[in-house]
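For the sequence shown, full-length UniProt numbering begins at 1 and goes up steadily by one.
Contents: one structure, followed by commentary.
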Amino acid sequence: MTIYSLPDAGLDVIADYEHLELGGKRVKAPYYMNKRKQKGGLRVMVGKGDPKEMEREVMVLAQVKGFAVQQASAADLRAFLQDCDIGIDCSGFVVHVLNAILAEKHMGTIDQYLVYPERGLTAKLRRLLRPVENTGANTLTSPANTVPVPIQDVRPGDLIRSKGLQKNAHHILLVERVGREDDRVLWIDYVHSSEQYGDDNGIRHGRIEVTDQTAHLKDQNWLEIQDGRNWTLEGLLKDYEDNGLRRLRRVTIPYVEQQQ
């Protein structure tokens, strides 16, 4: 079997989100989305921070609020993050992972390869100053920026366009690994920051077992089930014709290959 994977630069960022270093403990970044559309301020406070920014902000807020980081358990620390609205949304997570991969190859940042719906001078200035905050899931996976990909051609760095369960909400998943044997795709591993799955929200990994090479993505075996429910598949099924595997139009995301 051949396994195709995101390069270490991307995997390291994923691991950093899963293991925030706080008071000698490791804490998984929770999900947070700036639903109040707060503008200005630190990106870490609107669901768009990188792992180091999240760690620093927790320490600052802990000092202000008198929260004992060193004595707190990992569960208490995660609850503190959530109480302070510190987390990462789905598009912020994907942007930071892709940016790390591109940076290692001296390829710039993902926003340089995207077309945005708002093209006025003010919007351009906003994106120049705050590119991560102004790059959402809908823009990342829109027809202007991506093309549909058949399952047989999937590779790491591809995206899965999906929907949130709220009205007009978009969601994005990043293909992390692909397992192949000969010309067949055996499975697709993805990673995302999910609002769902109760207390286990935030950074999550899932696998899609490919049971039919020619069937729709929705008809494969999705394994990210918790308490009898697959929230991720439900998001894909919502307005399904608008969802599915996507590949960025203007940049090729590097990946690595290994035999197993």
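By construction, the Cβ of each residue, glycine as well, lies at the ideal position given by its N, Cα and C atoms.
Beta-carbon separation of residue 92 and residue 132 under 8 Å?
Going by C-beta atoms, residue 92 is nearer than 8 Å to residue 132.
Does the pairing of the stretch 100 to 120 with the stretch 201 to 209 give three or more beta-carbon distances under 8 Å?
Counting Cβ pairs under 8 Å, fewer than three are found: no touch.
Do you know offhand how far residue 14's Cα is from residue 258's?
Each residue's Cα considered, the two are about 20 Å apart.
Span of the beta strand (DSSP E) around residue 21:
Where residue 21 is concerned, the enclosing beta strand (DSSP E) starts and stops at 20 to 22.
With distances taken from CA atoms, which of 119, 124, 153, 239 is nearest residue 261?
Absent from the structure is residue 261, since the part of the chain shown begins at 1 and ends at 260.
Closest residue to residue 103 among 19, 225, 9, 173 (Cα-Cα distance)
Taking only the C-alpha atoms, the option nearest residue 103 is 9.
Mind checking residue 50: buried by the 16 CB within 10 Å criterion, or exposed?
Buried.
Have a look at 199, 114, 229, 235 and flag the residue whose alpha-carbon is nearest the alpha-carbon of residue 78.
Considering only alpha carbons, the answer is 199.
Buried or exposed: which applies to residue 151, given that a residue is buried once 16 or more other Cβ atoms fall within 10 Å of its Cβ?
Under this definition residue 151 is a buried residue.
Compute the Euclidean distance between the alpha carbons of residue 223 and residue 160, then round it to the nearest angstrom.
Between residue 223 and residue 160, the alpha-carbon positions lie close to 15 Å from each other.
Can you name the residues that DSSP bridges to residue 27?
Under DSSP, residue 27 forms a beta bridge with 20.
So residue 94 packs on residue 174, CB below 8 Å; how close in whole Å?
Yes, residue 94 and residue 174 are in contact; Cβ-Cβ is about 5 Å, under 8 Å.
Pull up the DSSP beta-bridge partners for residue 222, would you.
Answer is 208, bridged to residue 222.
Around the Cβ of residue 183, are there at least 16 other Cβ atoms within 10 angstroms (buried) or fewer (exposed)?
When all chains shown are included, residue 183 counts as exposed.
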